[in-house]
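Asker: Chains as they are written, first to last, in numbering that gives the first Met the number 0: chain A, 0 to 206; chain B, 0 to 686. Glycine included, each C-beta is placed from N, C-alpha and C at the ideal position. Treat the numbers as computed from the prediction; the structure is a model and nothing was measured. Here you go, one structure.
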Amino acid sequence: MSAPSKAEVRGEMAPDVTSFEFTPANLEEARAVLARFPADRRQSAVLPLLHMAQKQHGGWLPRAVLDYLADFLGIPKIRVYEVASFYDMYNTEPVGRVQVRVCTTTPCWLCGSDDVVKAARDVLGCEIGQSTDDGRFFLREFECLGACSNAPVLWVDDDYYEDLDYEKTRTLLEALKRGETPPAGPQSGRKGSMPIGGKTTLLETGE
Amino acid sequence: MPKLTIDGQEVEVPPGSTVLQACEAAGREIPVFCYHPRLDIAGNCRMCLVEMEKSPKPIASCAMPAGDGMVIKTNTPLVHKARKGVLELLLINHPLDCPICDQGGECDLQDLTLFYGPDQSRFEENKRPVADKYLGPLISTHMTRCIHCTRCIRFIDQVAGVEELGAVHRGEHMEITTWIEKALSSELSGNIIDLCPVGALNSKPYEYRARTWELKKTESVDVLDAVGANIRVDSRGSEVMRVLPRLHEDINEEWLADKSRFSYDGLKRRRLDVPMVKSEGRLAPSDWRTAFSTIKERLESVDPKRIGFIVGDLVDAETMVMVRELATAIGTPHVDCRQDGAKLDGKVRAEYLFNTTIAGIEQADAVLLVGTNPRWEAPLINARLRKRQLQGDFRVARIGAPFDLTYPVEDLGAGAQTLQELASGQHSFAEVLKGAKNPMVIVGAGAVARPDGAAILALARELAVACNMVREDWNGFNVLHTAASRVAGLDLGLVPGEGGRDVAGMLEGAAGGMEVLFLIGADEIDTSRLGDTFVVYQGHHGDVGAHAADVILPGAAYTEKNAIYVNTEGRPQRTKLAVFPPGEAKEDWKILRALSEVLGRVVQLNSLPEVRARLAALAPQLRTIDVIEPAAWGEFGRSGELGRAAFTSPVQDFYQTNPISRASAVMAECSELFVRGAAQGATGTHG
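In structure tokens form, the structure reads like this:
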């Protein structure tokens, strides 16, 4: 028996998508998003709707989705194509469903993002810019994610995982691979971006 | 009014001007790529940098509003250095293929590189390659040459009004594209070729055919619709190589419709270049003498009352003077210039003019379209309507078939009944027209060419009067013609005289009493009813008229003669001879002059000035070129029974409306693609 082709394994990643429609729940949410903008500024809703559609469609946006959104918003199709191709967050080509994005900009790099990249490669078995063979994960490099105080940072779908090193990244990705959802945020035990060795100011309670 | 100091010189500019406009007002030339006075400001090429006092950095003058007291320097070492830097960056990815580039010789980038360009490149990396895009049969692309000025995107969005072009990706990877390999579905798409400051967008039919400096440039006028756009005909030897628009603020601004721009290959195909005479049922090449004598022989025994003249849509005013004189000399009342059967009798000039004028549209604030599709009948007038629409406070309503005019239109109804409701004030839109300061009504050629055309005209007139459209300072009654010859024809009174037959009557042929019919460039008629009428066709293309002919007299096309055409506004303009007529073909008025001699009914007009003097005597309003003589208001139209049929536009295929565009292979391809709607999937693989 021959191994299934990539397209078969990936399911919805098959690039020949011809039609798309919001699920009823998403449609309701999309209408709620639209209601936030004036009637003649429907185009403004394109960013949140692209995110929503990308999530529904397994991590990438085929042309059918973009066309659907253009019709949904009542704006010219090219205006949606422009936006979708401009931002890095939108994938216009088939990629893995779970987006694993490593920040490699200077602060993260100084704090060891190279190790995070290495761990991701080792666990996922694919290079940066590639998807895993089973079509589950898409690994990519990203510019500054704006969480430099908790560098290095990994951005998985909607969650930030912070204060990583090689081992922590490994554990995290393996858990994701098993289908678990590890708690987001700093993996070093600190809360938010509090000082890593405990408080340094406001030590007295003020009683 | 802000007052600025430009290089030590004080200038005052209107509020809302930019620094660049102020510099131009002071006579300084600022180099630009992305800036275009008729498009929105983008400010992305940075070529227009100037120095402003109290600003630490040079400023982009095109995007900086002119402020009172600004001190601007346009010619300092800093400015020069800044522009040099910008140009060096623009040239980083621009290929060095000027020797084979169609834009070479008329390229902004080439010109400015002469002033600001570095003598050598410091860029050692590979240049960025970009795949060429498919934009349809008219525009060829060389996208590596693109410098991302976005003029084409802004034109297609703002002026053409079809949002199909955009910039995808970003930064160095930005590309101008439709994304989905789609032909631009605009009738004005050719203008982005002119707008492109480099050679990224070129004319596909003209590609690699000539260099700009080899071409002879002749300033002329377009006749493929009734707008009368000003054009420049570029020719080499006996061949028209391309047609470009020429600036005329009151007509076409600097745009040109695709049909007018790209039909010129039709001037080389299906031409009548030798007189032909039918013998034994077949047309055979002959010579002028034989052709004339054949006509003379046939006419000898014919009662003048059984001879008719039909004048076509591309005929110039001089020729129509000769037709009129010849018909009078022969003594026939059967003359008609209204091939489509329009019920315009030419008695009151205001009845058949676009009285508001094209530039006047910008003063209007409400317009009613009656049985017209301006997007296809006159794309440049449609562009003017859209321009007015974008300025806001403008309502457009339509009676007739729905069609996307690129701006919002309220559909009121389909036929004459809705017009009647409006005229009698029962319809709610009548209130809008009444409340408007400068209301307009545009009656299409299709609406007056119906059997009830006169009644529709009367209704439109009634509406115009009821809504106060005709005043001392404003005339909002307009007829939009589709034929370049029509206004001159009506001005010259080429309508049936006493007892004369109109086109429909003459087409009955022998059954209708016509024995001999002269078709002067008349091709938009149904020749099947002619029977055994003896038909003389004079014209330049082997189209419908020529097929029905017994004798063919080859004439000259509009690029091959010095002639006067009158546009739908009633504006007389001159075409100029760019190339000579092919083969034996002659200028049309001369053919009729020679024929009158042979027939023994001599028309004593022996030179072009004499013909024009006669023209001025017959129609004094056409005396001054490029001046519209405002038409006096009067009574016209005739109330009568209204038909129930919906209005239809006479232009059902924008790309093929006359013998020239029908002979054009480029127009045929466009028609196939855009009108007959070849399957969408196929569009990407062409070209």
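#1: Taking Cβ-Cβ distances shorter than 7 Å, what residues in chain A pair up with B/Trp473?
#2: Between B/Ala159 and B/Ser188, is the Cβ-Cβ spacing less than 8 Å?
#3: Is it the case that the stretch 459–472 of chain B contacts the stretch 287–296 of chain B, given that we only count it when at least three CB pairs across the two stretches are under 8 Å?
#4: Report, in whole angstroms, the separation of the C-beta atoms of B/Ile5 and B/Thr75, which I expect to be a contact under 8 Å.
#5: How would you write the range of the beta strand (DSSP E) that A/Phe137 sits in, first residue to last?
#6: Is A/Pro61 close to chain B? Criterion is C-beta to C-beta, closer than 8 Å.
#7: Helix, strand or coil for A/Pro185? Go by DSSP, reduced to three states.
#8: May I have the straight-line CA-CA distance separating A/Glu11 from A/Leu26, to the nearest angstrom?
#9: Could you tell me which residues DSSP puts in a beta bridge with B/Gly307?
#10: Under 8 Å between beta-carbons, which chain B residues line up against A/Arg78? List them in chain order, please.
#11: Of all Cβ atoms in chain B, is any one closer than 8 Å to the Cβ of A/Ser84?
#12: What residues in its chain sit with their C-beta under 8 Å from that of A/Val45, if we drop five residues either side in the sequence?
#13: Quickly, what does DSSP pair B/Gly414 with across the bridge? List them, please.
#14: Count the other C-beta atoms from every protein chain shown that fall within 10 angstroms of the C-beta of B/Lys560, then say buried if there are 16 or more, exposed otherwise.
#15: Cα-Cα, which of B/Val431, B/Gly520, B/Arg281, B/Gly330 is closest to B/Leu552?
#16: Out of curiosity, what's the CA-to-CA distance linking B/Gly636 and B/Leu343?
#17: If you measure from the beta carbon of A/Val185 to each beta carbon in chain B, is any gap under 8 Å?
#18: Would you say B/Thr211 reaches chain A, if we count a Cβ-Cβ gap shorter than 8 Å as a contact?
#19: Check the Cβ of A/Ala81 against every Cβ in chain B and list those closer than 7 Å, keeping chain order.
#20: Do the CB positions of B/Ile191 and B/Ile155 come within less than 8 Å of each other?
#21: Just by C-beta distance, which residues in the stretch 63–77 of chain A are closer than 7 Å to chain B?
#22: Run the CB neighbour count on B/Phe32, radius 10 Å, all protein chains shown included, and call it buried at 16 or more, exposed below.
#23: Can you list the residues of chain A that B/Thr177 reaches, using a CB-CB cut of under 7 Å?
#24: Would B/Glu171 pass as a contact of B/Arg127 if the rule is Cβ separation under 8 Å?
#25: Report buried or exposed for B/Asp549, applying the criterion of at least 16 other Cβ atoms within 10 angstroms of its Cβ.
#26: If we require 4 or more residues per run, which alpha helix (DSSP H) segments fall completely within the stretch 474–529 of chain B?
#27: Any beta carbon from chain E within less than 8 Å of B/Arg485's own beta carbon?
#28: Apart from the five residues on each side of it in sequence, which residues of its chain come closer than 6 Å, Cβ to Cβ, to B/Gly103?
#29: If you draw a straight line from the alpha carbon of B/Glu9 to that of B/Ala25, how long is it in whole angstroms?
#30: What's the call for B/Phe533, buried or exposed, on a 16-neighbour Cβ count within 10 Å?
#31: Where does B/Asn229 sit, in a helix, a strand or coil, going by DSSP?
#32: Are the Cβ atoms of B/Tyr564 and B/Gly227 separated by less than 8 Å?
#33: Which partner residues of B/Gly758 appear in the DSSP bridge assignment?
#34: By alpha-carbon positions, which one of B/Asp302, B/Val334, B/Asp312 ends up nearest to B/Val322?
#35: Please list, in chain order, all residues of the same chain as A/Gly95 whose beta carbon is under 7 Å from its beta carbon, the five residues on each side excluded.
#36: Contact check, B/Trp375 vs B/Val650 under 8 Å by CB: the rounded distance?
Answerer: Per the coordinate set shown:
#1: Those within 7 Å of B/Trp473 in chain A number zero; the least Cβ separation is about 31 Å.
#2: In this structure, B/Ser188 lies closer than 8 Å to B/Ala159 by Cβ.
#3: Between the stretch 287–296 of chain B and the stretch 459–472 of chain B, the count of Cβ pairs shorter than 8 Å is below three; the stretches do not touch.
#4: About 12 Å separates the two Cβ atoms, so there is no contact after all.
#5: Counting along the chain, the beta strand (DSSP E) containing A/Phe137 begins and ends at 136–141.
#6: Output row for A/Pro61: interface = no.
#7: Strand.
#8: Because A/Glu11 sits at a pLDDT of 43, beneath the cut-off of 50, its placement in the model cannot be relied upon, and the point is left open.
#9: According to DSSP, B/Gly307 bridges with B/Leu516.
#10: Neighbours of A/Arg78 on chain B, chain order: Glu162, Gly165.
#11: Cβ-Cβ to chain B under 8 Å: yes for A/Ser84.
#12: Non-local beta-carbon contacts of A/Val45 in its own chain, meaning distances under 8 Å to residues more than five positions away in sequence, involve Leu68, Leu72, Ile74, Arg78, Val79, Val82 in chain order.
#13: Paired residue(s): B/Ala645.
#14: For B/Lys560, the number of other beta carbons within 10 angstroms of its own is at least 16, and it is reported as buried.
#15: Distances from the alpha-carbon of B/Leu552 to those of B/Val431, B/Gly520, B/Arg281, B/Gly330 put B/Gly520 closest.
#16: Each residue's Cα considered, the two are about 8 Å apart.
#17: Looking at the sequence provided, one finds Pro at residue 185 of chain A rather than Val. Chain B contact via Cβ: absent.
#18: False, the Cβ-Cβ gap to chain A never drops below 8 Å.
#19: The amino acid occupying residue 81 of chain A in the given sequence is Glu; Ala does not appear at that position. Scanning chain B for C-beta atoms nearer than 7 Å to the C-beta of A/Glu81 yields Gly165, Ala166, Val167, reported in chain order.
#20: Taking 8 Å as the Cβ cut-off, B/Ile191 and B/Ile155 qualify as a contacting pair.
#21: Residues of the stretch 63–77 of chain A with a Cβ closer than 7 Å to any Cβ of chain B, in chain order: Pro75, Ile77.
#22: B/Phe32 should be labelled buried.
#23: Those within 7 Å of B/Thr177 in chain A are Ile77.
#24: The Cβ atoms of B/Glu171 and B/Arg127 sit closer than 8 Å to each other.
#25: Buried, since its Cβ has 16 or more Cβ neighbours within 10 Å.
#26: Counting only runs of at least 4 residues, the stretch 474–529 of chain B fully encloses the following alpha helix (DSSP H) elements, listed from N- to C-terminal order: 485–490, 502–505.
#27: Protein chains in the displayed structure are A and B, and chain E is not among them.
#28: Its chain contains Cys97 as the residues whose beta carbon lies nearer than 6 Å to that of B/Gly103, once the 5 sequence neighbours on both sides are disregarded; these appear in chain order.
#29: If you take the alpha carbons of B/Glu9 and B/Ala25, they lie about 8 Å apart.
#30: Classification of B/Phe533: buried, given that the 10 Å Cβ count is 16 or more.
#31: DSSP places B/Asn229 in the strand class (E or B) of the three-state scheme.
#32: Going by C-beta atoms, B/Tyr564 is nearer than 8 Å to B/Gly227.
#33: Beyond the ends of chain B as shown, which are 0 and 686, falls residue 758 of chain B; an answer cannot be given.
#34: For the residues B/Asp302, B/Val334, B/Asp312, the minimum Cα distance to B/Val322 belongs to B/Val334.
#35: If we look at A/Gly95 and ignore the five residues flanking it on each side, its Cβ neighbours are Gly58, Ser130, Thr131, Gly134, Arg135, Phe136, Phe137.
#36: About 4 Å separates the two Cβ atoms, so the contact holds.
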